[in-house]
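Beneath this line is the structure, given in structure tokens, with notes to follow.
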Ligand SMILES: Nc1ncnc2c1ncn2[C@@H]1O[C@H](COP(=O)(O)OP(=O)(O)OP(=O)(O)O)[C@@H](O)[C@H]1O
Ligand SMILES: [Mg+2]
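Protein chains in written order, with this note's numbering: chain A, -19 to 278; chain B, 20 to 284.
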């Protein structure tokens, strides 16, 4: 009597966990399905090439224009700007933590960095609107401080803790024995850092950079609050722009269900999904190569 | 005074002392890891360091090229002379000491770079730029470490693709390339099979002609096979040192005898 009972329970558990495990696959499939179902119809109105290279985004005009080039370029611009902030800051602080800081300093600073990473993006947005935007506006005498620069700076600061902790992980995976070997051959600290530690952690660091990038591209709240929202082709960092995530978030609430505009927003989402997907695949393949290189996995 | 009985200066003229360790004490924080060590290492001889696990063998050889300075909270007192010059003195550059006193670690630790880059690394960090010179030195070091024939067709392969024994010989080549005067081996065969071990032992005996060698080993037969002098450490103290033959045949100290005959440790 006992054995069949046990078999039954076991089967039950297996089934429950399988369902749980497959549910995430199901959600993923569902999301992709909905994205494509709602996004593809726009391509009956405009072809794909016109859609991504069109210079005018006037979805509510009559006739409407669905060219997302200004939005794509704005996303690109803001992401690039943010990378200029978060890569040097994040990697620099990771190098400091790993190579220079004393044991105690490292412990305190690492937990600070983790707290910084936990702050919700809307708070960064607040900080930007309340302090950075008026400051920038006065400083440079701009018509508005809501611009690509503000969004880039705040996004960059926001992504720094993440970049720092991933890069720090990559550095700390570099085996001590490599450093010892280098010192034993008469290398100094700087040579050891540049010739051994950074190359060994290099691909780990670059995958950190790419992951950081994919997060910045997909980040919505800060750009919605700070980028200014003008759907024009960006010409400078000090003019308002509208990155793709801001466009989706701002327009989705007002759009008529099933309209062309509605389908166009979904099509933008497909593109965003594709971009972040590619970034993640690249980051993953780089970090796999990196583990192989260090002999951490086969 | 102690040095006369423990040390080996009586069997040698001053000239042939390569390293002289005087009254050295070493602490990891509060842990007293080396106690009043006095020892002379003779030029062009192989000195084996033996003793049970945790007695301070690794600690001892690491202080000889100032590698202990990488450990936080470490404290070293006493004097260490290399060719009569105090290497612990603050006006001596530790990187210079490490170039003169090379080290091969217990676990093979090649860099995740190509075979060629591994061997040329030490030359490059010491400021040598001449490509042809570097190439010559790499080939020479690989030949000396008996690895050349196995790797000559794939110098650009990643060193981590080599077998453990080959990696260890690569580490020896890497060390030889910078032309040290002394080479410290910390259980170089601990992770190797008997054939690789035999190769490395042969190599050590061969290297003796041009280098002064100190080798830590847990293997009594190995100590007997490769070394001219043997020093026995116990709980951070140097118990006894002498000609390897004498130490193994007629140890002066009861504790040495017990260890060698396997009664403890
Ligand atoms: N980084 C360190 N911090 C604190 N204590 C240490 C450190 N390294 C070694 N010790 C201690 O110092 C003593 C000597 O260690 P050492 O590594 O020199 O021993 P060993 O003779 O090489 O041993 P084994 O044969 O196992 O390699 C040990 O008691 C060890 O616990
Ligand atoms: Mg040891």
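Where a beta carbon is used, it is the ideal one built from N, C-alpha and C, also for glycine. Computed from a predicted structure; not experimentally measured.
| Item | Value |
| --- | --- |
| Are the beta-carbon atoms of residue 189/B and residue 203/B separated by less than 8 Å? | no |
| Taking Cβ-Cβ distances below 7 Å as the criterion, which residues of the region 130 to 147 of chain B are in contact with chain A? | 130, 131, 140, 141, 144, 145 |
| Can you check whether the C-beta of residue 267/A is within less than 8 Å of a C-beta belonging to chain B? | no |
| Should residue 66/B be counted as a contact of ligand 1 given a C-beta to heavy atom distance under 7 Å? | no |
| Pick out the complete alpha helix (DSSP H) segments inside the region 121 to 190 of chain A, 4 residues or longer, and give them in chain order. | 128 to 152, 156 to 164, 169 to 172 |
| Under three-state DSSP, which class holds residue 171/B? | coil |
| Suppose you measure from the CA of residue 201/A to the CA of residue 42/A; what does that come to, to the nearest Å? | 30 Å |
| Less than 7 Å separating the Cβ of residue 76/B from some heavy atom of ligand 2? | yes |
| Between residue 144/A and residue 93/A, which are expected to be in contact by the criterion C-beta below 8 Å, what is the C-beta distance as a whole number of angstroms? | 5 Å |
| How far does the beta strand (DSSP E) with residue 123/B in it reach, from first residue to last? | 120 to 123 |
| Following the continuous beta strand (DSSP E) through residue 55/B, name the residue where it begins and the one where it ends. | 50 to 61 |
| Is the separation between the beta-carbon of residue 211/B and that of residue 187/B shorter than 8 Å? | yes |
| Let me check understanding here. Comparing Cα to Cα, which of 99/B, 143/B, 68/B, 62/B lies closest to residue 256/B? | 68/B |
| Is residue 73/B near ligand 1, judged by its Cβ being under 7 Å from some heavy atom? | yes |
| Considering only DSSP beta bridges, list what residue 89/B is partnered with. | Paired residue(s): none; residue 89/B is not in a bridge. |
| So, helix, strand or coil for residue 41/A, using DSSP? | coil |
| Given that residue 124/B touches chain A, what residues does it touch there, using C-beta distances under 9 Å? | 157, 160, 161, 164 |
| Who are residue 105/B's beta bridge partners in DSSP? | 100/B |
| Run down chain B in chain order and give the residues with a C-beta less than 7 Å from the C-beta of residue 171/A. | 144 |
| For residue 129/B, count the other beta carbons within 10 Å of its own beta carbon; 16 or more makes it buried, fewer makes it exposed. Which is it? | buried |
| Going by C-alpha distance, which of 71/B, 40/B, 65/B, 48/B is nearest residue 56/B? | 40/B |
| Among residues of its own chain, excluding the 5 on either side of residue 160/B, which ones have a beta-carbon nearer than 8 Å to its beta-carbon? | 138, 192, 193, 195, 196 |
| When every heavy atom of ligand 2 is checked, does at least one fall within less than 7 Å of the C-beta of residue 235/B? | yes |
| Cβ of residue 234/B within 8 Å of Cβ of residue 224/B? | no |
| Do residue 255/A and residue 48/A have their beta-carbon atoms positioned less than 8 Å apart in this structure? | no |
| Less than 8 Å between CB atoms is the rule here; does residue 277/A satisfy it with respect to chain B? | Residue confidence for residue 277/A is low, a pLDDT of 44 falling below 50, so the modelled location carries little weight; the figure read from the coordinates is stated next. By this cut-off, residue 277/A is not an interface position. |
| Quick check: residue 132/A and residue 58/A, are their CB atoms within less than 8 Å of each other? | yes |
| In chain order, what residues of the same chain lie with their CB nearer than 7 Å to the CB of residue 230/A, ignoring the 5 residues before and after it? | 204, 209 |
| Counting only C-beta atoms, is residue 91/B closer than 8 Å to chain A at any point? | yes |
| Residue 70/A to residue 89/B, Cα distance in whole Å? | 26 Å |
| To which residues of the same chain is residue 33/B closer than 6 Å at the C-beta, ignoring the five residues directly before and after it? | Low confidence applies to residue 33/B: its pLDDT is 49, below 50, so where it sits in the model is not reliable enough to give any reading. |
| Hey, quick one: how far does the alpha helix (DSSP H) through residue 93/A stretch, first residue to last? | 83 to 98 |
| Around the Cβ of residue 37/A, are there at least 16 other Cβ atoms within 10 angstroms (buried) or fewer (exposed)? | buried |
| Along the chain, where does the alpha helix (DSSP H) containing residue 202/A start, and where does it finish? | 201 to 206 |
| Which residues, taken in chain order from the region 188 to 207 of chain B, show a beta carbon closer than 8 Å to some beta carbon of chain A? | 190, 193, 194, 197 |
| Please name the residue, chosen from 265/A, 142/A, 170/A, that lies closest to residue 192/A on a Cα-to-Cα basis. | 142/A |
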